[in-house]
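Participant:
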Amino acid sequence: MPISGTGSGQCYFDGYSEIADPLYNKGGIFLNHRSGLLAVHLRKAFMTRKPQNHRTAIRIAGIAITVCVLFAVVSPAASQTNIDLVEIVDIDTASFPDVTIQARVVGPDRLPVPVLNADAVILAENGVEQPFTHTTVDAGAQAALVIDLGAGSDSHGVTGEPRYLELVSLAERYIEGMGSNDSAMLVVQDEAGMGVVQTMTSSKDQLRAALAALEPNYGTATNGLGAVQLAIEELQAITGSSKTQAVVFLTTGVQNAIDPGYTAVGTIAKEFGIPIYAVLSHATEDTFGPRLEELAASTNGRYAFYVSDADPAVEEVFAGLELMRVQFKFTFRSTDGTNAERSIVLRARGGGSSAPQDYLSYAVSLDDPVVIVDDPVPGAEIVREAETWDQNPDSIRPSSANVIAHLEWPDGYPRRIMNAQFYVDGEEYGPPLMDIAPGDNLLFGWDLRTYRAQGDNLARLEIQVVDELGYIARSDEMQVAVVVDIPAPPPEEVVEEPVCSMDNGLLAYLKCFIFEGAGMIALVIALATLIIVMIIWRNRRQIAQTAERATEAATEAVSRVTRPAGYPRAAAAYLTVIRGGGPDLEGRKFPVPLGTITPIGRDRSQVVIALPDEENSVISRKHCEIREADGVFRLRDFASKYGTYLNNVKLAELGSEVLHHGDEVGLGPIERGGILFRFELAMEDEDVEEVNEAVEEE
């Protein structure tokens, strides 16, 4: 922080001093924030020559420096990238909903910003700030080189060459430095008048040839500002370009008018946003330099008094021209699904409504996507052909099929699919597909194992999609047939009994009757009967006891069959509701008899254990079953929509698992309304009898 006896002081922030005059009237520290810059001023009352006041000034200086550091560290808003101009030059919606904005960003030094921090700008669509990515691009530049050759252009300049050659060398330097995206035109002003000697071109050879062909008349005073205005008009006549435009004014001095038109040229240049870069080659700078410098500054250009090609001021002019090529592309993804015109704002962050900003609008016409089912085709037949008449229906091939679809975009703007749902017979089938890229096919798996009935099983298929902008499309409903072909069982063999005849004599008849006809059967039966009678006689006591016990067992069986309706049968196992289904259902026991199949679900016509048939239930009409064989209980899923769970593990569709005492069986997610059971094996026979007797007494 500079301190002197003059009593002034400034704090510099981000490499720039505050654009404000120091204050001198009273003591104190003032913080002034404008255009992202911070200034701290020391006032004159503390800057006297008295030693004690010197010490006071030093303390104040220390405080000021501390404040500067605090603002630099604590206040990121104050340290934003310095921006004085934002200009949107192009908008690209070809890849909508990705939208790309191309813009120029100019700093307080009147030069395009070479590197831009993303936090320094705000991009908003219809007033809503959008996240974006940005890249630096070499957009190229269009320059009008104006060479003003007035009186004295033939006199020797500082290089020893005639001044007009110094100006030509500057034009050549610009041409040699042109990039592949640059173009330039050449306008000349001399005593014969002004005119375009080379129209806008990217050909360096054409521009060099135009310079080499110059035969300037420079004996009379000229006013090159008219040529500058002509150049601005020529630049404005170029349409459809996003390149930055500028005028490079190379002059020996604006000489022949009392009011040569600085103000008018500056006004039109600012109106069209065209900076003027001016270089003066003259004996002295005093006559023309200040006005040219003011013109360049007012249009965001640069000025230099020509001393040599390597002069810092000239270097600054060419550095500014080189930076003209720098632009930025900002890309964001629109979330607006309307067809109304959209407003885009690109604004420097900070500064409120006075922050540099630019506006542009665009419109797109959006339509619903179209869903096309490619496989299977409408009316297709999917044949499930069994190999044998008694084959397990689950193993008949094919057991599944793929349903494939693609999207078409009538509006020409492919978008991401956020949700794609497959429907079978009007009901949602399986989980939806999520977050599908625009070019991807939609692929759904369809389980065919539920189609078991012989013949044609008709199914209606549909697919519905919702894109990222909320547009919904549904495919045409198509009908296909799942054909189940099971061979008929083989016919039973018919055994023809031989016919015995007396024609060959009695002996032949008896032989035929005994060994080939029914006589053999009768003989075998007789022998078997004799053996059984002998066994019974030898074991008559044991058989009598066994018969007595069998009689008692038969009596018990008849008693069980003839019990009154509603009398509970002794169950092999129970399903006890431990959670879900409401307070009326919790704790209820459902019997699972031995040697039976016990279906479970909401459809009372299909199941044994019927659960509440509520709207939006996660339990299917026929959800699962418990099957007992040889004392082993198995839980099997029926391709339920929300799944069957054994000890919190979801069963595969149509899969089965062995049940054990104490296992937990879940129908659907419990948190979404499912029901949780505990599987328990029945009590011992003695306990069953006690339960039955208690029921009879009631």
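Numbering that gives the first Met the number 0 numbers the first residue of the sequence shown as 0 and each following residue consecutively.
Virtual Cβ for every residue (Gly too), placed ideally from N, Cα, C.
1) Could you give the DSSP three-state label for G149: helix, strand or coil?
2) Does the stretch 84 to 93 come close enough to the stretch 326 to 345 to have 3 or more Cβ pairs within less than 8 Å?
3) Per DSSP, what kind of secondary structure is F95 in: helix, strand or coil?
4) Compare the Cα-Cα distances from G239 to each of Q141, G194, Y412 and report the closest residue.
5) Could you work out which residue in Q453, T243, L406 is closest to A487 when comparing CA atoms only?
6) Which one of F637, D118, R473 has the shortest CA to CA distance from V465?
7) Taking 7 Å as the limit between beta carbons, can you name the residues of its chain near T92, skipping five residues before and five after?
8) Which same chain residues end up closer than 6 Å to Y644 when comparing Cβ atoms and leaving out the 5 residues on each side of it in sequence?
9) Taking I343 as part of the beta strand (DSSP E), name the residues at either end of that continuous run.
10) Give the DSSP-derived three-state secondary structure of K588 in the structure shown.
11) Which of helix, strand or coil does DSSP assign to D367?
12) What does a CB cutoff of less than 7 Å around A191 pick up in its chain, not counting 5 residues either side in sequence?
13) Out of F131, I524, G661, point me to the one whose CA is closest to T575's CA.
14) Helix, strand or coil for I599? Go by DSSP, reduced to three states.
15) Output yes or no for whether 8 Å exceeds the beta carbon distance between G260 and D147.
16) Taking the alpha-carbon positions, what's the D583 to F632 distance?
17) Candidates E321, Q254, I435: which alpha carbon is nearest G218's?
18) What does DSSP give as the partner residues of S399 in its beta bridges?
19) Residues bridged to Q478 by DSSP?
20) Starting from G665, follow the beta strand (DSSP E) in both directions and report where the run begins and ends.
21) Would you decide whether W388 is buried or exposed? Buried here means 16 or more other CB atoms lie within 10 Å of its CB.
22) Compute the Euclidean distance between the alpha carbons of E171 and A436, then round it to the nearest angstrom.
23) In its own chain, which residues sit with a C-beta less than 6 Å from the C-beta of D367, not counting the 5 before and 5 after it?
24) Compare the beta carbon distance of G225 and G149 with 8 Å and say whether it is the shorter of the two.
25) Select from Y450, R620, G504, Y358 the residue whose C-alpha is nearest the C-alpha of V481.
26) So L234 packs on I273, CB below 8 Å; how close in whole Å?
27) Would the stretch 322 to 338 and the stretch 285 to 305 be scored as touching if the rule is three or more Cβ pairs under 8 Å?
28) In three-state terms, what does DSSP make of Q390?
29) Relative to the C-alpha of A220, which candidate in K588, E427, D153 has its C-alpha closest?
30) Go through the stretch 202 to 238 residue by residue and report every complete run of the alpha helix (DSSP H) that reaches 4 residues or more, in order.
31) For L505, count neighbouring Cβ atoms within 10 angstroms of its own Cβ and tell me buried if that reaches 16, exposed if not.
32) Excluding the 5 residues flanking F443 on each side, which residues of the same chain have their C-beta closer than 6 Å to its C-beta?
33) Give the DSSP bridge partners of I174, in chain order.
34) Is M184 helix, strand or coil when you go by DSSP?
35) Starting from R290, trace the alpha helix (DSSP H) both ways and give me its first and last residue.
36) To the nearest angstrom, how far is it from the Cα of D484 to the Cα of I669?
Facilitator: Let's see:
1) To locate residue 149, count along the sequence shown from 1; it is residue 150. G149 falls in the coil class under three-state DSSP.
2) yes
3) Within the sequence shown, the letter at position 96 stands for residue 95. The answer is coil: DSSP assigns F95 none of H, G, I, E or B.
4) Along the sequence shown, one-based indexing puts residue 239 at 240. The option with the nearest alpha carbon to G239 is Q141.
5) Position 488 of the sequence shown, counted from the first residue, corresponds to residue 487. When only C-alpha atoms are compared, the closest one is Q453.
6) Taking the first residue of the sequence shown as 1, we reach residue 465 at position 466. When each option's Cα is compared against that of V465, the closest is R473.
7) By one-based count along the sequence shown, residue 92 stands at place 93. Closer than 7 Å at Cβ, skipping near neighbours: V98, Y361, V363.
8) Within the sequence shown, the letter at position 645 stands for residue 644. Counting only Cβ-Cβ distances below 6 Å, and skipping sequence neighbours, we find G665.
9) If you number the sequence shown from 1, residue 343 lands on position 344. Residues 341 to 347.
10) By one-based count along the sequence shown, residue 588 stands at place 589. It is a strand residue.
11) Here residue 367 corresponds to residue number 368 of the sequence shown, with the count starting at 1. Reduced to three states, the DSSP call for D367 is coil.
12) The residue labelled residue 191 in the question sits at position 192 within the sequence shown. These residues qualify, in order along the chain: N216.
13) As a working mapping, residue 575 is identified with position 576 in the sequence shown. Of the candidates F131, I524, G661, the one whose C-alpha sits nearest the C-alpha of T575 is G661.
14) Counted from its first residue, the sequence shown places residue 599 at position 600. Note: I599 maps to strand in three-state DSSP.
15) For this step, residue 260 is matched to residue 261 along the sequence shown. For this step, residue 147 is matched to residue 148 along the sequence shown. No, the pair does not count as a contact, with Cβ atoms beyond the cut-off.
16) The residue you call residue 583 lines up with position 584 of the sequence shown. The residue you call residue 632 lines up with position 633 of the sequence shown. D583 and F632: Cα-Cα distance of roughly 27 Å.
17) Stepping through the sequence shown from its first residue, residue 218 is reached at position 219. Taking only the C-alpha atoms, the option nearest G218 is Q254.
18) For the purposes of this step, residue 399 is identified with residue 400 of the sequence shown, where counting begins at 1. In the DSSP output, where bridge partners are listed per residue, S399 has D446.
19) Walking along the sequence shown from the start, residue 478 turns up at place 479. R459.
20) Taking the sequence shown and counting its residues from 1, the one referred to as residue 665 is at position 666. Its beta strand (DSSP E) spans residues 663 to 666.
21) What you label residue 388 is simply residue 389 of the sequence shown in a count that begins at 1. It is exposed - the Cβ of W388 has fewer than 16 other Cβ atoms within 10 Å.
22) Walking along the sequence shown from the start, residue 171 turns up at place 172. Walking along the sequence shown from the start, residue 436 turns up at place 437. If you take the alpha carbons of E171 and A436, they lie about 52 Å apart.
23) Numbered from its first residue, the sequence shown carries residue 367 at position 368. The residues are Y470, A472.
24) Taking the first residue of the sequence shown as position 1, residue 225 is located at position 226. Taking the first residue of the sequence shown as position 1, residue 149 is located at position 150. Cβ distance not < 8 Å, so G225 and G149 don't count as in contact.
25) The sequence position of residue 481 within the sequence shown is 482, counting from 1. The candidate whose alpha carbon is nearest that of V481 is Y450.
26) The residue given as residue 234 occupies position 235 in the sequence shown. The residue given as residue 273 occupies position 274 in the sequence shown. The Cβ separation is near 6 Å, so the contact holds.
27) no
28) As a first step, residue 390 must be located in the sequence shown, where it is residue number 391. The answer is coil: DSSP assigns Q390 none of H, G, I, E or B.
29) Translated into positions along the sequence shown, residue 220 becomes position 221. Checking every option, the nearest Cα to that of A220 belongs to D153.
30) 203 to 211, 224 to 235
31) As a first step, residue 505 is located in the sequence shown; it is residue number 506 there, counting from the start. When all chains shown are included, L505 counts as exposed.
32) As a first step, residue 443 is located in the sequence shown; it is residue number 444 there, counting from the start. V402, F421, listed in sequence order.
33) Numbered from 1 along the sequence shown, position 175 holds the residue referred to as residue 174. Beta-bridge pairing links I174 to no other residue.
34) Here the question's residue 184 lines up with position 185 in the sequence shown. Strand, per DSSP.
35) For the purposes of this step, residue 290 is taken as the residue at position 291 of the sequence shown. Unbroken alpha helix (DSSP H) run through R290: 288 to 297.
36) Position 485 of the sequence shown holds residue 484. Position 670 of the sequence shown holds residue 669. So the alpha carbons of these two residues sit roughly 39 Å apart.
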